[in-house]
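The sequence shown begins at 1 in full-length UniProt numbering and counts up by one. Even for Gly, the Cβ is constructed at its ideal location relative to N, Cα and C.
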Amino acid sequence: MNREELVTLVKNGEIVSEIDLSGLDLAGADLSGGIFEKVALKGANLAGARLKESVLCGCDLSEANLEGANLHHASVLESKLTGANLKKLYAPIARFVESNLAGADLSGSNLLTVFFVECDLSGASLAEVTFDRGALVDAKVDGLDLRGSLVKQSVIAKTDLRKALITKTRFEIAVLHESVLAGMDLSGMDLGCTQFVDADLSGADLSGANLEQCNFKGADLRGAKLEKARAPKAMFAAAKLEGAILSGAMLRETLFVEAMATGANFEKADLELSVFVRATCVGARFGGATLSYADFSNADISRADFAGANMLRTRLHRVKDDDATFGLARKIALGDDAELAEAEGFLPAS
């Protein structure tokens, strides 16, 4: 089949099925709305081609040239695009499902609301792209190049990012739900408003990073470094912070409700108005920290060190403080609240 015959077939609404078009020159061809099933397009030239609203299922586009092609609202399902040239691709609202894009180059592409579900993006390049309101779910991303890209309001879920290249990647209101970033160097990065719910950040280096209003609910931050990080109004509810280093961090109005922070280091951190209700802070270090108006109600602060901390009106209601060290700081803190204790112990009449 030649170029003209293919274009005519697509225009007539016919399904293109099980045809070998490898190496065919289709540069600039209008194949909009085409349905391609198990078609071989290996090494084909589709530069600038229009594949708007097309469906490619089980196709082989490995080593194909799709630079500048239009895949607006296209669906690429169970297809092979290994080593394909997808530079400057125009693909808003496109979806790639169970497809192999290993080694593909999507640098400089328009990826507005693009979905990659269960895809192999190993060694692929998404450098210098704006990944806006899209999703990357349960994907293989070893060696994926995201350097210099903006991940904006997008979801990266259940994905192991440890071998991805994210130097100078900007995350803006992104969601990294249940993703793995353990041991990664994220120091100094701008991660403001990012959602790390149930993510694995154990041993990660977040020192000096912007974590303002980030959500680490249920995240694993054991042994992580957050020295001098900026995380005002962040949420660490039920997070695992055992052995984490948060010294010198800006943590005003931050929530640590039910966090597990045994042995964590909060020395010289700014924790004004932060909430540690029901948190476990056994052996944690708060020396020199600002804890004015912080709330430790019902927290376990046994063996914790508060020497030199500013505890102006810090609430210590019903805390467990066996062998905790306070120095003079305890004198300006608030103890048990009798009315609150009565309310907590109230049992309605049966």
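Where does the unbroken beta strand (DSSP E) through residue 95 begin, and where does it stop?
Indexing the sequence shown from 1 puts residue 95 at position 95. Start and end: 95 to 97.
Residue 10, DSSP secondary structure in three states
Taking the first residue of the sequence shown as 1, we reach residue 10 at position 10. In this structure, residue 10 counts as helix in the three-state DSSP scheme.
Measuring alpha carbon to alpha carbon, tell me which residue in 105, 32, 130 and 322 is nearest residue 171.
The residue labelled residue 171 in the question sits at position 171 within the sequence shown. Of the listed residues, the one whose Cα sits closest to residue 171 is 130.
Spell out the partners DSSP gives residue 157 in its beta bridges.
As a first step, residue 157 is located in the sequence shown; it is residue number 157 there, counting from the start. 137, per the DSSP bridge assignment.
Endpoints, beta strand (DSSP E) assigned at residue 46:
In the sequence shown, counting from the first residue as 1, residue 46 sits at position 46. Unbroken run through residue 46: none, as it is neither H nor E.
Report the residue from 164, 176, 160 and 139 whose alpha carbon sits nearest the alpha carbon of residue 152.
What you label residue 152 is simply residue 152 of the sequence shown in a count that begins at 1. Measuring from the Cα of residue 152, the nearest candidate turns out to be 176.
Nearest CA to the CA of residue 84: which residue from 313, 92, 59 and 73?
The count along the sequence shown starts at 1 and reaches residue 84 at position 84. Selected option, being the one with the closest Cα: 59.
Assign residue 205 to buried or exposed, taking buried as 16 or more other Cβ atoms, counted over all protein chains shown, within 10 Å of its Cβ.
In the sequence shown, residue 205 corresponds to position 205, counting from 1. Counting Cβ neighbours within 10 Å, residue 205 comes out buried, since at least 16 surround it.
Can you name, in chain order, every residue of its own chain whose Cβ lies under 8 angstroms from the Cβ of residue 234, other than the five neighbours on each side?
Here the question's residue 234 lines up with position 234 in the sequence shown. Result list for residue 234: 211, 212, 213, 214, 215, 216, 251, 254 and 255, in chain order.
Hey, quick one: how far does the alpha helix (DSSP H) through residue 340 stretch, first residue to last?
Within the sequence shown, the letter at position 340 stands for residue 340. Residue 340 -> alpha helix (DSSP H) spans 338 to 344.
Taking the continuous beta strand (DSSP E) assigned at residue 57, which residues delimit it?
The sequence position of residue 57 within the sequence shown is 57, counting from 1. That run of the beta strand (DSSP E) goes 55 to 57.
Same chain only: Cβ atoms within 6 angstroms of residue 10, ignoring 5 sequence neighbours per side:
For this step, residue 10 is matched to residue 10 along the sequence shown. Counting only Cβ-Cβ distances below 6 angstroms, and skipping sequence neighbours, we find 31 and 34.
Answer with buried or exposed for residue 149, where buried requires no fewer than 16 other C-beta atoms within 10 angstroms of its C-beta.
Indexing the sequence shown from 1 puts residue 149 at position 149. So residue 149 ends up on the buried side.
Measure the beta-carbon distance from residue 27 to residue 48 and round it to whole angstroms, keeping in mind my assumption that it falls under 8 angstroms.
Position 27 of the sequence shown, counted from the start, is the residue given in the question as residue 27. Position 48 of the sequence shown, counted from the start, is the residue given in the question as residue 48. That pair is a contact at about 6 angstroms.
For residue 239, count the other beta carbons within 10 Å of its own beta carbon; 16 or more makes it buried, fewer makes it exposed. Which is it?
Here residue 239 is taken as the residue at index 239 of the sequence shown, counted from 1. Buried is the call here.
Flag this pair as yes or no: are the beta carbons of residue 193 and residue 166 separated by less than 7 angstroms?
Taking the sequence shown and counting its residues from 1, the one referred to as residue 193 is at position 193. Taking the sequence shown and counting its residues from 1, the one referred to as residue 166 is at position 166. It is not a contact, given that the beta carbons lie outside the stated cut-off.
Go to residue 130, then tell me how far its beta strand (DSSP E) extends in each direction, as first and last residue.
Here residue 130 corresponds to residue number 130 of the sequence shown, with the count starting at 1. Run containing residue 130: 130 to 132, per the beta strand (DSSP E) assignment.
Beta-carbon proximity check, residue 336 vs residue 315, cutoff 7 angstroms
As a working note, residue 336 is residue 336 in the sequence shown. As a working note, residue 315 is residue 315 in the sequence shown. Their beta carbons are not under 7 angstroms apart, which means residue 336 does not touch residue 315 by this criterion.
Short of 6 angstroms in beta carbon distance, which residues of its chain neighbour residue 241, apart from the five on each side in sequence? Order them along the chain.
Here the question's residue 241 lines up with position 241 in the sequence shown. So the qualifying residues of the chain are 221, 259, 261 and 264.
Are there 16 or more other CB atoms within 10 angstroms of the CB of residue 280, so buried, or fewer, so exposed?
Here residue 280 refers to the residue found at position 280 of the sequence shown. It counts as buried.
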